[in-house]
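Everything below concerns the one structure shown next.
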């Protein structure tokens, strides 16, 4: 078991003929991910990586019945691509694109409300259920099938947690990059709900950072649910200067944009183990699982 | 990206936001001419720097003197004050102790203030919508109002599908205690502000204060706009307003090489891949008793040249007494990083301790390149070990 994606998930790539998309689709196919088609306006009717290419997402949806789409489209066209996928009712949209204008994402979010789609990202490494399905740009190597669910805003810190849980032979059920953008798709609370309901997941790692209110929402859910599964969290940016944007987050500590210290407090108060270095995530999880 | 007050007011004015008449001046002569053109009887001489708190700020060497925003009553006074202010260094709460040199002034017509109010627009991450924020405490920083009297802040979320509706404006106007035809003026004002925000891909528009004049008019007395860097490609006219003099030279240089660099006050330079890991690296240096000199994310696809450039930018900060390179991940090739580090360290004949922690693709090759370089590079196994080593090395070296 896993969350959101597994060996049966049928995937299309939007922008499949692009350089990065081609490389990542190849890697996915090589690892057994079920890539069923691609979209590239103007290339409909051709084949790429031995799968059919379509002009529109609607055509690809009709012909291949995908469960998910991987959006590998440049930032200027990413909102267009995501809204096309929402209107084609693709259940899971994964967008790895960085540097999308925030007002474009405001429109995408409004379009998602009440739709049949769920969005992961943008500015995300994607989602992986090791050994079964990968949609995104993450490396394969440190991942291993197992029982820890990971949700992270940062890619590199997620890879660190993956590496540690692999070394400790815990492995990962699924790792989800919720993305570093201020306006994004699913958040920690939704990941947490999915991981809590997943039988395979024994423990959950949340890797957050200053800004936004995703961690606070997860803390509120934890407090209400009081789950038996241990939750280990790490929050980056405790010493980041106020008022500067560090690649990911806004850092204004008021009005829906909270400090790292406040997030740590909220998560601890809700019963999570919060470590003060990302190197301690794996050990903290192993200890928490032993205590059960 | 930030712009100056006078530029923000010009942009807002184009969208129909009521702003006072004014002229930008780079010289005393221009200031005097502007004052004559505007006609008086009251003028405001305003320092144009990218920092708030200008009115309460003081000029270096004249700490007992007047602030960075001055109300005067004659053309002669405009000239005298412009002469004092141009070229002087203004220190405000937001500039830090080093202050900022005033290179531009904005000469504006004075106005008769009955009430000062606060208005802003920004994207609220919690609701994923543009939010209108207002307060009766005009002139005060909104962060202070939020901390002390949060009940005085009114917010209204705007649904992006229907956009700004007049009732949103009325909601704000009535909550601010506006009356009579002021309500209609406020609705028009807010509608124009929203239009400017969405049309120009702003990330923030702040009018603090928005004033009600003695005659009951509503005017933006101050104006601040920030823009979404990711959307500048569709607004070349806005991108042209960038004032490079207002930016840190090292940060400016970094942005030209697509490096995300932010200068800080410490002495340990950092080079990291990934924004999250870069923040974590800074936190751990602090945790081990050190002080980071910068935030630097080299990104996922860095080349040897970009790594070398990043290295030089870190070293352009005279406070740097040691460097920590922390690379982890699959996308980044460790041999490329190692080659860039070695090339840059040779080129600048590195004088400070360097700790490198590499993990990921081609890690053994990367470590070999570092070891065979003959440079005094300390290798570290994990982030905690790396932070400890660099903090210790810097302490020993000083």
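Residue numbers (our numbering), protein chains in the order written: chain L, 1397 to 1688; chain H, 18 to 415. From the three backbone atoms N, C-alpha and C, an ideal C-beta is built for every residue, glycine too.
Query, Result
"Residue 245 (chain H) beta carbon less than 8 Å from that of residue 220 (chain H)", "yes"
"Under 9 Å (Cβ pairs) to chain L, residues found in the stretch 140-164 of chain H", "140, 141, 142, 143, 144, 145, 146, 147, 148, 150, 159, 160, 163, 164"
"contact_flag[the stretch 111-126 of chain H, the stretch 138-147 of chain H] where n(CB pairs < 8 Å) is 3 or more", "no"
"Min CB distance residue 1498 (chain L) to chain H below 8 Å", "yes"
"Nearest to residue 1494 (chain L) (by Cα), restricted to the options H:352, H:247, H:311, H:195", "H:247"
"Whole alpha helix (DSSP H) elements within the stretch 163-223 of chain H, 4-residue minimum", "183-192, 198-216"
"Alpha carbon of residue 230 (chain H) to alpha carbon of residue 188 (chain H), nearest angstrom", "21 Å"
"Chain-order list of residues whose beta-carbon lies under 7 Å from that of residue 403 (chain H) (same chain, five-residue window excluded)", "341, 343, 372, 374, 397"
"Interface partners of residue 399 (chain H) on chain L, CB under 8 Å", "1675"
"Residue 1592 (chain L) Cβ short of 7 Å to the ligand PLP heavy atom set", "Summarising the ligand content, the structure contains no ligands, and the ligand PLP is consequently not present."
"Buried/exposed call for residue 368 (chain H), threshold 16 Cβ in 10 Å", "exposed"
"Same chain, Cβ closer than 8 Å to residue 155 (chain H), five either side skipped, listed in chain order", "132, 133, 134, 135, 225, 226, 227, 228"
"Other residues of its chain near residue 401 (chain H): CB distance less than 7 Å, five sequence neighbours each side excluded", "301"
"Residues of the stretch 204-235 of chain H whose Cβ lies closer than 7 Å to any Cβ of chain L, in chain order", "215, 218, 220"
"Any chain L beta carbon closer than 8 Å to residue 18 (chain H)", "no"
"Cβ-Cβ distance between residue 1531 (chain L) and residue 1424 (chain L) below 8 Å", "yes"
"Local Cβ density within 10 Å of residue 5 (chain H), reported as buried at 16 or more and exposed below that", "An answer regarding residue 5 (chain H) cannot be provided, because it is not within the stretch 18 to 415 covered by chain H."
"CA-to-CA distance, residue 1591 (chain L) to residue 1397 (chain L), given in whole angstroms", "10 Å"
"Residue 1631 (chain L) vs residue 1605 (chain L) beta-carbon contact at 8 Å", "yes"
"Residue burial classification, residue 164 (chain H) (beta-carbon count within 10 angstroms, cutoff 16)", "exposed"
"Nearest-angstrom beta carbon gap, residue 1491 (chain L) and residue 1520 (chain L) [assumed within contact, 8 Å]", "7 Å"
"Minimum length 4: unbroken alpha helix (DSSP H) runs contained in the stretch 98-165 of chain H", "159-165"
"Nearest candidate by alpha-carbon position, reference residue 1566 (chain L), set L:1601, L:1586, L:1534", "L:1601"
"Where the beta strand (DSSP E) through residue 377 (chain H) begins and ends", "371-378"
"Cβ contact check for the stretch 1614-1626 of chain L and the stretch 283-295 of chain H: 3 or more pairs under 8 Å", "no"
"CB contact flag (residue 181 (chain H), residue 208 (chain H), <8 Å)", "yes"
"Straight-line gap, residue 70 (chain H) to residue 40 (chain H) (C-alpha atoms, nearest Å)", "21 Å"
"Own chain partners of residue 1644 (chain L) with C-beta closer than 8 Å, once the 5 adjacent residues on each side are dropped", "Residue placement at residue 1644 (chain L) is flagged as unreliable, the pLDDT there being 49, under the threshold of 50; a coordinate-derived value is accordingly withheld."
"Same chain, Cβ closer than 8 Å to residue 1650 (chain L), five either side skipped, listed in chain order", "Low local confidence applies: a pLDDT of 45 at residue 1650 (chain L) is under 50, so the model's placement there is unreliable, with the coordinate-based value given in what follows. For residue 1650 (chain L), where only same-chain residues beyond five positions count, there are no Cβ hits under 8 Å."
"Beta-carbon neighbours of residue 1576 (chain L), restricted to chain H and to distances below 8 Å", "292, 293"
"Sequence-distant residues of its chain with Cβ nearer than 8 Å to residue 53 (chain H) (five each side left out)", "92"
"Start and end residues, beta strand (DSSP E) containing residue 314 (chain H)", "311-314"
"C-alpha gap between residue 1646 (chain L) and residue 42 (chain H), whole angstroms", "Model confidence at residue 1646 (chain L) stands at a pLDDT of 42, short of 50, so the residue's coordinates are unreliable and nothing is read from them."
"Cβ neighbour criterion (16 or more within 10 Å) applied to residue 366 (chain H)", "exposed"
"Contact check, residue 294 (chain H) vs residue 345 (chain H), beta carbons under 8 Å", "yes"
"Own chain, CB closer than 6 Å to residue 183 (chain H), minus 5 neighbours either side, in chain order", "204"
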